[in-house]
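Numbering (this note's numbering), first residue to last: 5 to 435.
Ideal Cβ placement from N, Cα and C applies to all residues, glycine included.
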Ligand code: HEM
């Protein structure tokens with residue numbers, strides 16, 4: 005990231021680009037592609053019609069008729085990200101088209117093989133993750149217009165109509181609001197190394213302001229997302245695959261490859277108890293977590309900079325979520341972790357102004373997490389209490405029962421979220 009040995013400092017843009025971070029968009033993919041090259045027309049046609057194909061129960065048969073396409077014509081990171089986005093959305097639609105009662109055990113070869121290959125090329129798991137759902141899934145309606153929700157749209161969609169669109173785009177706005185905070189991290193680390201307390205103070209001010217702006221962006225969830233639709237329709241398409249024998253490090257009876265061990269979490273959906281066979285990839289079923297903003301790099305990066313230590317159990321989950329991030333973003337977190345400790349520096353400096361600025365960051369982060377709990381209460385706990393069928397665009401959703409006991413319906417999510425918020429507060433430096 006920066007020289008600690010007296011060498012010339014890397015300019016901010018190149019420090020960011022080392023981790024595939026953009027000065028304007030942070031972890032978001034800058035101006036993602038919306039079309040794949042010609043050979044991939046069959047994928048794009050299905051992806052564009054996903055909500056209708058799922059609602060009319062025709063997606064599975066369309067996938068069965070899909071030609072086997074080689075991934076060798078995909079060039080560069082943008083095409084690979086769009087291919088991953090398209091294949092991950094088709095996969096989630098394919099798995100959950102019939103709701104939790106009509107799941108499948110096998111992902112057909114002509115979907116499984118290219119999805120696996122593209123995932124390998126990007127270092128992402130072969131399932132829908134935050135990187136697909138949000139980071140690579142946005143476009144401006146008017147290319148020269150502002151980055152406001154009215155001028156934004158998703159590239160690929162699933163059932164959930166305007167609420168799904170709002171859920172993705174509000175999360176986009178939270179990622180966008182975090183951008184000055186990401187730059188502030190680099191400034192802060194540089195300032196610590198150069199013992200430049202004035203710049204460090206500015207960076208911490210910038211970080212606290214960015215976290216406050218993220219909270220404001222998160223509030224917009226209320227305007228765009230209907231809790232009943234989120235609860236009954238959207239959630240199921242974000243859920244993962246589980247394999248009940250998959251306790252410890254084995255995958256349906258067989259030892260689990262090291263790199264997959266961490267891809268298992270409580271978010272796995274018991275409606276798919278045997279996991280999923282990726283036909284043509286492996287004969288053994290595999291299990292992955294579903295998509296969650298816990299896979300966003302932002303808060304992981306802030307936690308590392310501010311030296312926050314979560315409980316062992318929460319850390320285990322959060323660290324597993326890092327395996328769902330693009331590898332350069334994961335490397336960014338590692339780089340922050342290896343940098344000199346900000347908290348130690350502030351403590352040793354004895355500078356009350358720095359201490360106050362540090363504490364403002366901690367308070368802003370704990371407040372963001374408290375507000376997130378309010379949102380989760382509305383969209384999960386309250387929505388669960390009122391739960392009924394919800395119908396959007398022809399897809400009638402019944403609240404998924406398998407997610408009630410485990411996963412996003414369970415009460416343990418609140419103990420987890422509160423514990424993470426409380427350990428954030430514990431990071432305050434007392435006077
Ligand atoms: C309707 C909106 C939302 C709901 C219902 C929701 C729900 C949840 C749930 C259930 C968890 C627990 C872990 C899991 O099951 O994956 C979680 C974790 C998390 N969510 Fe959200 N979420 C929402 C929006 C967001 C947004 C917009 C962000 C911002 C990027 C976000 C960031 C996080 C983070 C960082 C975690 C990990 C815990 C932490 O570090 O505090 N969530 N969320």
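Look at the beta carbons and you see the region 205-219 not touching the region 58-66: under three pairs across the two are nearer than 8 Å.
Nearest neighbour of residue 318 by Cα position, chosen from 347, 346, 418, turns out to be 418. Taking each of 335, 421, 356 in turn and checking the Cα distance to residue 374, the smallest one comes out for 421. Counting only the Cα atoms, residue 240 lies some 8 Å from residue 103. In this structure, DSSP gives residue 320 a helical state, which the three-state scheme calls helix. In the DSSP assignment, residue 77 falls outside any alpha helix (DSSP H) and carries neither an H nor an E.
Within its own chain, the residues whose Cβ lies closer than 8 Å to the Cβ of residue 37, once the five positions on either side in sequence are excluded, are 82, 83, 85, 86, listed in chain order. Distances from the CB of residue 383 to the heavy atoms of the ligand HEM include at least one below 8 Å. Straight-line spacing of the CA atoms in residue 136 and residue 356 works out to 43 Å. Partner residues in the beta bridge of residue 290, as assigned by DSSP, are 280. When Cβ pairs closer than 8 Å are counted between the two stretches, the region 214-233 is seen to touch the region 177-188, the count reaching three or more. Here the region 282-301 makes contact with the region 315-329; the two share three or more CB pairs at distances below 8 Å.
At least one heavy atom of the ligand HEM is found less than 8 Å from the C-beta of residue 420. Beta-bridge analysis with DSSP links residue 140 to no other residue. DSSP places residue 108 in the coil class of the three-state scheme, outside both helix and strand.
Taking the Cα positions, residue 120 is about 19 Å away from residue 69. Judged by their CB atoms, residue 281 and residue 110 are nearer to each other than the 9 Å cut-off. Less than 9 Å divides the Cβ of residue 155 from the Cβ of residue 144. Residue 435 carries a coil assignment under DSSP once its states are collapsed to helix, strand and coil. Within the model, the alpha-carbon separation for residue 101 versus residue 90 is close to 16 Å. Taking a C-beta distance under 9 Å as the contact criterion, residue 233 and residue 396 qualify as a contact pair.
DSSP places residue 201 within a helical segment (H, G or I) once states are collapsed to three. Classified as buried, residue 54 has 16 or more neighbouring CB atoms from the shown chains inside 10 Å of its CB.
Leaving aside the five residues that flank residue 20 on each side, the residues in its chain whose CB is nearer than 8 Å to its CB run, in chain order, 26, 27, 186, 187, 190. Per DSSP, the beta bridge partners of residue 30 are 26. Judged by their CB atoms, residue 174 and residue 222 are nearer to each other than the 9 Å cut-off.
DSSP lists 143 as the bridge partner or partners of residue 157. Excluding residues up to 5 positions away in sequence, 294, 295 lie with their Cβ nearer than 6 Å to the Cβ of residue 242 in the same chain.
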